[in-house]
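Residue 1 is where the sequence shown starts when you use full-length UniProt numbering, and the numbers rise one by one after that.
The beta-carbon is built from N, C-alpha and C at its ideal position, and this holds for glycine as well.
Structure first, commentary second.
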Amino acid sequence: MINIFKDFLLNVFFILLPVFLVPFWMEREKGTERLRLYLPTACYAAVIVLCITLPVEAGSSFIFDLRQIPLWLGSLYGGAGAAAFLSCTAIVYRSLFGGAGVLVNALVSIVIAAASSVLTKTFVRLPTKQRTLLATALSFASGLLTAVLTVWINTPDRPPLSVSLLFLLMQPSSMAVACLFQEMVHHNIALRKRIIRAEKMEAITHLAASISHEIRNPLTAARGFIQLIEEQPLAADKRRQYARIAMEELDRAEAIITDYLTFAKPAPETPEKLNVKLEIERVIDIIRPLANMSCVDVKTTLAPFSVIGEREKFRQCLLNVMKNAIEAMPNGGILHIYVSVEQGRLLIRIADTGVGMTKEQLERLGEPYFTTKGIKGTGLGMMVVYRIIESMNGTIRIESEIHKGTTVSIYLPLAPSPSSATISDKEKQLFAAL
Ligand code: ADP
Ligand code: MG
């Protein structure tokens, strides 16, 4: 009996594998629509094959396993096409082993495929609880149908009653567990996306205050010069000079607004080759008003290396680290941003001369909601940073000394450089000048 239970548990393990792996893989790869469509079905087909290959040893020619669960799940989530493919996989692969169960399996697989094709639309729209209940009930029904057909076909080689009963119990309970985990994984992914969005909103709100302050200066200056032109009789060259200054100031205000909007507007994200120097300069432009308000001097040592990543996320990550650095220097200081290559990896070092962190604070960094800034902080910034760097296959090292400052070192894989065979000398010069 224990061995039978062990075999069932092995099947449950097979079923849970795609439940955990597929969503994370799809989130990471952000692949084509085709991949999104076919990957889950392919995984469920693999699970069906694994379940049939390593079934419950019941000592009869009936192969007992939990293949109906991936068949149900794949068909209910994937629709009629997936249902047809998965039931064919189950029928064809099971028939390779022969025995009395082949016919029962074929009949039950066809019933599952037909039922799930009808139910799929309703199923995906149901709330979590009802969906789990429906899937559990369906798997119990198909288990019962299997048991009834086994008796009805009435072969001499019938499996022991205890195994049939255990099967009837294990199948729905395993289905409930798989559904609950599936919903949990989806819930976590959605939550993480919401947190990243919330952090962005928070950064935008903070920046908005300093940016409105920054825009007011050029506008006031422009207004002053226009007033001078209007009120006083001026020589033609003086008038031109004042008009030019007013226009420059207006351009500056416009540039600030453009930066802010580029950062704030949601953009569809695809990984691309990013010039680290340009990206850092862009983020510094965005963060400069905040630095000016705290009398922070921004120093840079940049080099034009490239990495592969999503532009907005990369900027958000740099912005979060720089914002923390500036916030750590309320009475002014130096923010030094340094870029180089170390052991074949790109290194971005962001160092501040701020308040620093204790060992305990350093250990908790990146924990959601860990903040020392009271209601002004969200404690989400560094979590987002870790997550983005991880998604770019990078690592972070943070060193900090209390009252001295903090250094954040971000290591990222370098983007492959264009091969020398395909670029001309002129292009090489252009790359070097970037
Ligand atoms: P928040 O900035 O909203 O507090 P973060 O996740 O960005 O959230 O940072 C968490 C905490 O880590 C901060 O509250 C701060 O105590 C500490 N911290 C992060 N960066 C620095 C830094 N450069 N210098 C000192 N403390 C820092
Ligand atoms: Mg922060």
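Which residues mark the beginning and the end of the beta strand (DSSP E) in which residue i is found?
i, result
"E272", "E272 to N275"
"Y386", "Counting along the chain, Y386 falls outside any beta strand (DSSP E), though it belongs to the alpha helix (DSSP H) covering G381 to S391."
Would you tell me roughly how many angstroms separate the C-alpha atoms of residue i and residue j, rounded to the nearest one?
i, j, result
"I286", "A178", "46 Å"
"G98", "M382", "57 Å"
"G394", "Q316", "15 Å"
"K129", "L335", "51 Å"
"F370", "E199", "13 Å"
"S424", "G374", "Note that S424 scores a pLDDT of 48, beneath 50, so its modelled location is shaky and nothing firm can be said."
"L318", "F24", "24 Å"
"F5", "R125", "34 Å"
"E310", "L290", "24 Å"
"S117", "I350", "55 Å"
"A328", "F314", "21 Å"
"F431", "L302", "At F431, the pLDDT of 47 sits below 50, so the modelled position is not reliable and the matter cannot be decided from this model."
"L71", "G101", "17 Å"
"L9", "V56", "9 Å"
"T120", "V22", "20 Å"
"L96", "L50", "14 Å"
"I63", "V104", "11 Å"
"S391", "N188", "16 Å"
"S162", "R364", "52 Å"
"I2", "L54", "16 Å"
"V307", "L144", "56 Å"
"I112", "V185", "25 Å"
"I52", "I69", "12 Å"
"L169", "F85", "27 Å"
"K426", "T353", "With a pLDDT of 49 at K426, under the threshold of 50, the predicted position of this residue should be treated as unreliable, and no value is reported."
"A82", "T146", "21 Å"
"W152", "N11", "26 Å"
"I348", "A114", "56 Å"
Does residue i come out as helix, strand or coil in the three-state DSSP assignment?
i, result
"V355", "coil"
"K299", "strand"
"H403", "coil"
"I63", "coil"
"Y411", "strand"
"S340", "strand"
"G224", "helix"
"T395", "strand"
"S306", "strand"
"L54", "coil"
"G377", "coil"
"G98", "coil"
"L346", "strand"
"E183", "helix"
"Y38", "helix"
"L165", "helix"
"Y44", "helix"
"T372", "coil"
"P18", "helix"
"Q232", "coil"
"G81", "helix"
"P416", "coil"
"P23", "helix"
"M1", "coil"
"L191", "helix"
"V12", "helix"
"E214", "helix"
"L365", "coil"
Check for me: the alpha helix (DSSP H) holding residue i runs from which residue to which?
i, result
"G74", "Q68 to G78"
"L138", "T128 to I153"
"S116", "G101 to R125"
"F314", "R311 to E327"
Give the DSSP bridge partners of residue i, in chain order.
i, result
"G333", "V296"
Cβ of residue i versus every heavy atom of the ligand PLP: is any distance shorter than 7 Å?
i, result
"K323", "Here the bound small molecules are the ligand ADP and the ligand MG; the ligand PLP is not part of this structure."
With 8 Å set as the bound, which would you pick, yes or no: does the beta-carbon of residue i sit closer than that to a beta-carbon of chain D?
i, result
"G143", "Here chain D cannot be found, since the structure has a single protein chain."
Okay, do the region 12 to 23 and the region 37 to 53 touch, 3+ Cβ pairs below 8 Å being the bar? Under the Cβ criterion (8 Å, minimum of three pairs), the region 12 to 23 counts as touching the region 37 to 53.
Okay, do the region 216 to 227 and the region 189 to 207 touch, 3+ Cβ pairs below 8 Å being the bar? As far as the Cβ criterion goes, the region 216 to 227 does not touch the region 189 to 207, which means the pair count is below three.
Pair every Cβ in the region 347 to 367 with every Cβ in the region 402 to 409, then say whether three or more of these pairs are closer than 8 Å. With the rule of 3 Cβ pairs closer than 8 Å, the region 347 to 367 counts as touching the region 402 to 409.
Quick check: the region 172 to 191 against the region 131 to 140, are there 3 or more CB pairs under 8 Å? The region 172 to 191 makes contact with the region 131 to 140; the number of CB pairs closer than 8 Å reaches 3 or more.
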